[in-house]
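K.L.:
Quick note: the sequence shown uses my numbering, first residue 298, plus one each step.
Using N, Cα and C, we set each Cβ at its ideal position, and we do this for glycine too.
Sharing a structure here in structure tokens format.
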Amino acid sequence: MANVLDPMDIKQIFSLYRDGLSNRKIASLLGISRNTVNQYISWLIASDYGADEIVKLTDSKLREIFPSRTTIRNDRFDALMRYFEQGKAARNHPGFTFLYHYEEYRQLVDNAYSYTQFMEHFHRKYARTAGSMKLEHLPGHEVFIDYAGTKMDIVDRDTGEIRKAEVFVAILPFSLFTYVEASWSQKREDLLHCMNNMMWFFGRVPKAVVSDNVKSAVTRSSKYEPDINRSLKDFARHYDCVINPTRAYSPQDKALVENAVQLTYQRIYYPLREMTFFSLEDLNTEIKKLLEHFNNMFFQRKEASRRELFQSIERECLKPLPAGTYQLRDYTRTKVQKIGYVYFSPDKSYYSVPYRFIGKSTQIHYTRDTVEVYHYHDRIAFHKRNSSKGCYNTDKDHLSSTHRQYLDWCPDYFKKQAAVLGHNVLACVSELFTESDYPETAYKRAMGIIQLSKSYGKERLDSACHRAIYAKAVSYNRIKNILENNLDKVTPEDQNVKESHIPVHENIRGASNYQ
Numbered sequence: 298m299a300n301v302l303d304p305m306d307i308k309q310i311f312s313l314y315r316d317g318l319s320n321r322k323i324a325s326l327l328g329i330s331r332n333t334v335n336q337y338i339s340w341l342i343a344s345d346y347g348a349d350e351i352v353k354l355t356d357s358k359l360r361e362i363f364p365s366r367t368t369i370r371n372d373r374f375d376a377l378m379r380y381f382e383q384g385k386a387a388r389n390h391p392g393f394t395f396l397y398h399y400e401e402y403r404q405l406v407d408n409a410y411s412y413t414q415f416m417e418h419f420h421r422k423y424a425r426t427a428g429s430m431k432l433e434h435l436p437g438h439e440v441f442i443d444y445a446g447t448k449m450d451i452v453d454r455d456t457g458e459i460r461k462a463e464v465f466v467a468i469l470p471f472s473l474f475t476y477v478e479a480s481w482s483q484k485r486e487d488l489l490h491c492m493n494n495m496m497w498f499f500g501r502v503p504k505a506v507v508s509d510n511v512k513s514a515v516t517r518s519s520k521y522e523p524d525i526n527r528s529l530k531d532f533a534r535h536y537d538c539v540i541n542p543t544r545a546y547s548p549q550d551k552a553l554v555e556n557a558v559q560l561t562y563q564r565i566y567y568p569l570r571e572m573t574f575f576s577l578e579d580l581n582t583e584i585k586k587l588l589e590h591f592n593n594m595f596f597q598r599k600e601a602s603r604r605e606l607f608q609s610i611e612r613e614c615l616k617p618l619p620a621g622t623y624q625l626r627d628y629t630r631t632k633v634q635k636i637g638y639v640y641f642s643p644d645k646s647y648y649s650v651p652y653r654f655i656g657k658s659t660q661i662h663y664t665r666d667t668v669e670v671y672h673y674h675d676r677i678a679f680h681k682r683n684s685s686k687g688c689y690n691t692d693k694d695h696l697s698s699t700h701r702q703y704l705d706w707c708p709d710y711f712k713k714q715a716a717v718l719g720h721n722v723l724a725c726v727s728e729l730f731t732e733s734d735y736p737e738t739a740y741k742r743a744m745g746i747i748q749l750s751k752s753y754g755k756e757r758l759d760s761a762c763h764r765a766i767y768a769k770a771v772s773y774n775r776i777k778n779i780l781e782n783n784l785d786k787v788t789p790e791d792q793n794v795k796e797s798h799i800p801v802h803e804n805i806r807g808a809s810n811y812q
């Protein structure tokens with residue numbers, strides 16, 4: 298196969314040939330094979346152009362007349378190309394190896410190429426050069442996050458058991474300002490905890506958080522539209538930023554944080570290699586010390602440290618932090634019970650909702666400190682979370698007027714109601730609570746006495762209570778009987794005057810007739 302020559306080399310061959318040099322001398326001066334020079338001189342002689350004309354031609358025209366590559370037309374090469382074409386689909390099959398196919402190729406043909414030539418021809422036929430793009434990063438635009446592949450050891454002080462801790466790494470790509478923290482896992486709770494601390498470490502918020510397709514961040518991976526975890530969406534809403542996962546199996550999309558992980562191995566892992574840690578807090582304390590030094594290291598090319606670049610340029614481009622840290626939000630569904638409460642299964646407790654939603658299906662959004670109840674995306678109840686098991690947490694505004702009044706029931710409440718009706722009614726109600734060791738047992742009787750005023754009026758009720766007190770028979774039934782039999786209209790003092798039940802008559806003999 299002839300060598301591939303540049304158009305400039307071809308022109309030099311023809312220029313030296315025009316000057317009268319031999320083919321051997323031309324090959325020696327230019328460092329080109331004599332056979333190649335002979336081939337090009339023979340093409341020149343066979344063409345319609347002279348050497349002076351060839352030298353003045355453009356490169357593209359020269360390539361048309363004298364091709365820069367040759368086509369091999371022989372059975373050996375053709376057999377190799379046919380084998381490549383037949384086995385092209387096999388390259389995508391798991392377990393594919395070139396050595397296996399080379400051995401197969403050797404058995405199929407008589408005059409096989411060597412393995413080196415086999416690979417050379419393959420890569421010429423299927424040239425595949427993967428380009429790399431230099432990404433320009435704007436200050437404050439995004440932060441890259443990732444977990445280091447190597448975990449760190451933490452020893453249980455009591456049992457000696459070694460636990461593995463994950464290492465979270467985040468970097469602002471413009472200033473390369475870096476944050477590192479150890480956590481027990483890559484689960485959603487630990488990831489969001491590290492991201493919370495990351496935001497407050499920077500003191501500001503970027504426009505986007507670029508993560509990989511870890512399960513705690515992405516529910517369903519996709520090259521074009523990944524499904525972001527709902528908790529991360531809440532996190533992004535809280536900090537007014539967006540979550541932007543990279544493409545699956547594309548580490549080049551976050552090359553800076555991959556490099557930051559490598560630097561973490563050098564600047565943090567290695568100095569801690571001989572230290573033993575007994576708690577996650579101790580490990581993070583040492584990481585913070587080394588991270589401080591790492592961010593203060595001087596860049597020779599940029600003539601500044603990561604911290605200086607962050608403070609002087611990038612920090613002002615970031616957005617301000619919200620009022621508080623994000624709290625992990627979880628969800629559960631439940632139906633409003635007849636009593637106007639929803640059952641909160643994580644704590645096995647109950648929370649009130651407005652009584653008009655009784656029987657409706659709701660969704661509970663809860664954090665470590667709060668419990669929110671939603672009906673069709675509208676929040677209908679908000680409570681401070683009470684971790685006590687089996688308790689009822691009530692907002693009085695959620696209750697109907699009847700139920701709200703019931704919550705106010707107490708001895709003083711009934712006494713205030715009775716005082717309006719008369720001092721005798723108040724005396725009767727007070728005596729009910731005095732005689733009862735458990736005040737709740739007197740609530741209904743007191744309410745019954747007070748309700749009698751609606752049927753008989755407060756004057757008659759007060760009179761009836763006066764008669765009941767006089768007779769030392771204070772009870773709901775006694776007072777009700779007095780009112781029904783109109784006995785409240787007769788005072789107890791008048792009733793005590795003894796009168797004969799026999800009417801006066803002239804035929805009735807007196808007591809003197811019996812002496």
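Below 8 Å, how does it come out for the stretch 447-456 and the stretch 410-424: are there three or more Cβ pairs, yes or no?
P.N.:
No, the stretch 447-456 is not in contact with the stretch 410-424.
K.L.:
Among all the DSSP beta bridges, which residues are the ones paired with V440?
P.N.:
Here residue 440 refers to the residue found at position 143 of the sequence shown. DSSP, once it has assigned bridges, lists V506 as partnering V440.
K.L.:
Nearest by alpha-carbon distance to T622: which of S642, V726, D666 is it?
P.N.:
To locate residue 622, count along the sequence shown from 1; it is residue 325. Comparing Cα-Cα distances from T622 to each of S642, V726, D666, the minimum goes to D666.
K.L.:
Please state whether the Cβ-Cβ distance between F465 and E478 is less than 7 Å.
P.N.:
Counting from one through the sequence shown, the residue named residue 465 turns up at place 168. Counting from one through the sequence shown, the residue named residue 478 turns up at place 181. Yes, Cβ-Cβ distance for F465 and E478 is below 7 Å.
K.L.:
Could you compute how far the alpha carbon of P708 sits from the alpha carbon of H720?
P.N.:
In the sequence shown, counting from the first residue as 1, residue 708 sits at position 411. In the sequence shown, counting from the first residue as 1, residue 720 sits at position 423. Cα-Cα distance, rounded: 16 Å.
K.L.:
Can you give me the C-alpha to C-alpha distance between Y671 and H438, rounded to a whole angstrom?
P.N.:
Counting from 1 along the sequence shown, the entry for residue 671 is found at position 374. Counting from 1 along the sequence shown, the entry for residue 438 is found at position 141. In a straight line, the C-alpha of Y671 is about 34 Å away from that of H438.
K.L.:
Which two residues bound the contiguous beta strand (DSSP E) that contains Y628?
P.N.:
For this step, residue 628 is matched to residue 331 along the sequence shown. Element bounds for Y628: 627-632.
K.L.:
Please report how far the alpha carbon of V726 lies from the alpha carbon of V633, in whole angstroms.
P.N.:
Sequence index remark: in the sequence shown, residue 726 carries index 429 (1-based). Sequence index remark: in the sequence shown, residue 633 carries index 336 (1-based). So the two alpha carbons sit approximately 37 Å from each other.
K.L.:
Are Y773 and G754 closer than 7 Å when you measure CB to CB?
P.N.:
Numbered from its first residue, the sequence shown carries residue 773 at position 476. Numbered from its first residue, the sequence shown carries residue 754 at position 457. The answer is no: Cβ separation not under 7 Å.
K.L.:
On the DSSP letters alone, give me the boundaries of the beta strand (DSSP E) that V722 sits inside.
P.N.:
Residue mapping note: residue 722 aligns to position 425 of the sequence shown, counting from 1. No beta strand (DSSP E) holds V722; the alpha helix (DSSP H) holding it covers 720-732.
K.L.:
Is H674 near N690, with beta carbons less than 7 Å apart?
P.N.:
In the sequence shown, counting from the first residue as 1, residue 674 sits at position 377. In the sequence shown, counting from the first residue as 1, residue 690 sits at position 393. No. Outside cutoff.
K.L.:
Starting from S649, trace the beta strand (DSSP E) in both directions and tell me its first and last residue.
P.N.:
Within the sequence shown, the letter at position 352 stands for residue 649. First-last of the beta strand (DSSP E) with S649: 646-649.
K.L.:
Looking only at its own chain, which residues have a Cβ that is under 8 Å from the Cβ of T368, when we skip the five neighbours before and after it?
P.N.:
Here residue 368 corresponds to residue number 71 of the sequence shown, with the count starting at 1. With a pLDDT of 43 at T368, under the threshold of 50, the modelled position of that residue is not reliable, and no figure is offered here.
K.L.:
Run through the DSSP bridge pairs and tell me what Q559 is partnered with.
P.N.:
Translated into the one-based positions of the sequence shown, residue 559 becomes position 262. Answer by DSSP bridge pairing: none, since Q559 is not bridged.
K.L.:
Rounding to the nearest angstrom, what Cα-Cα distance links D487 and D644 in this structure?
P.N.:
Reading the sequence shown from its first residue, position 190 is the one you call residue 487. Reading the sequence shown from its first residue, position 347 is the one you call residue 644. Approximately 22 Å, taken between the alpha carbons.
K.L.:
Classify Y638 as helix, strand or coil using the three-state DSSP reduction.
P.N.:
Taking the sequence shown and counting its residues from 1, one reaches residue 638 at position 341. Strand.
K.L.:
Name the DSSP bridge partner or partners of L341?
P.N.:
In the sequence shown, counting from the first residue as 1, residue 341 sits at position 44. DSSP output for L341 lists no bridge partner at all.
K.L.:
Take Q483 as the anchor and find which of R775, F311, A462 has the nearest alpha-carbon.
P.N.:
In the sequence shown, the residue the question calls residue 483 occupies position 186. Here the closest residue by C-alpha is A462.
K.L.:
Does any CB atom of chain C fall closer than 7 Å to the CB of Q404?
P.N.:
As a matter of chain content, chain C is missing from the structure shown, which is built from one protein chain.
K.L.:
DSSP three-state call for E458: helix, strand or coil?
P.N.:
Position 161 of the sequence shown holds residue 458. It is coil, neither helix nor strand.
K.L.:
Is K755 helix, strand or coil by DSSP?
P.N.:
Locating residue 755 in the sequence shown gives position 458, counting from the first residue. Correct three-state label for K755: helix.
K.L.:
Helix or strand or just coil, what does DSSP make of Q660?
P.N.:
Within the sequence shown, numbered from 1, the residue matching residue 660 stands at position 363. If DSSP states are grouped into helix, strand and coil, Q660 belongs with the strands.
K.L.:
Looking only at C-alpha atoms, which of T629, P617, I677 sits nearest to G637?
P.N.:
The residue given as residue 637 occupies position 340 in the sequence shown. Checked all of T629, P617, I677; the closest Cα to G637 is I677.
K.L.:
Taking DSSP as the reference, what is the three-state secondary structure of R682?
P.N.:
Taking the sequence shown and counting its residues from 1, one reaches residue 682 at position 385. Coil, per DSSP.
K.L.:
What residue does the beta strand (DSSP E) around D450 start on, and which one ends it?
P.N.:
Taking the sequence shown and counting its residues from 1, the one referred to as residue 450 is at position 153. Its beta strand (DSSP E) spans residues 449-452.
K.L.:
Can you tell which of D509, E555, Q563, E350 has its C-alpha closest to the C-alpha of P542?
P.N.:
Here the question's residue 542 lines up with position 245 in the sequence shown. The option with the nearest alpha carbon to P542 is D509.
K.L.:
Who are the near neighbours of A761 in its chain, counting only those whose CB is closer than 7 Å to its CB and skipping five residues on each side?
P.N.:
Position 464 of the sequence shown, counted from the start, is the residue given in the question as residue 761. Here the set comprises I776, I779, L780, D785.
K.L.:
Measuring straight from C-alpha to C-alpha, what distance separates K741 and I747?
P.N.:
Position 444 of the sequence shown, counting from 1, holds the residue named residue 741. Position 450 of the sequence shown, counting from 1, holds the residue named residue 747. Going by the C-alpha atoms only, they are around 10 Å apart.
K.L.:
Roughly how many angstroms separate the alpha carbons of F395 and R373, rounded to a whole number?
P.N.:
Translated into the one-based positions of the sequence shown, residue 395 becomes position 98. Translated into the one-based positions of the sequence shown, residue 373 becomes position 76. So the alpha carbons of these two residues sit roughly 19 Å apart.
K.L.:
Determine the extent of the beta strand (DSSP E) in which H672 is found, giving its start and end residues.
P.N.:
Reading the sequence shown from its first residue, position 375 is the one you call residue 672. Segment 667-672, the beta strand (DSSP E) holding H672.
K.L.:
Count the other CB atoms within 10 Å of the CB of L435; is the residue buried (16 or more) or exposed (fewer)?
P.N.:
Your numbering for residue 435 matches position 138 in the sequence shown. Exposed is the call here.
K.L.:
Residues bridged to F596 by DSSP?
P.N.:
Sequence index remark: in the sequence shown, residue 596 carries index 299 (1-based). According to DSSP, F596 bridges with A601.
K.L.:
Using DSSP's beta-bridge definition, name the partner residues of E478.
P.N.:
As a working mapping, residue 478 is identified with position 181 in the sequence shown. Looking at the DSSP assignment, E478 forms a beta bridge with F465.
K.L.:
Please classify H695 as buried or exposed, where buried requires at least 16 neighbouring CB atoms within 10 angstroms.
P.N.:
Working through the sequence shown from its first residue, we reach residue 695 at position 398. Flag for H695 reads buried.
K.L.:
Please name the residue in S750, E350, A715, T561 whose C-alpha comes closest to that of H813.
P.N.:
The chain is shown only over 298 to 812; residue 813 falls outside these bounds and no answer can be derived.
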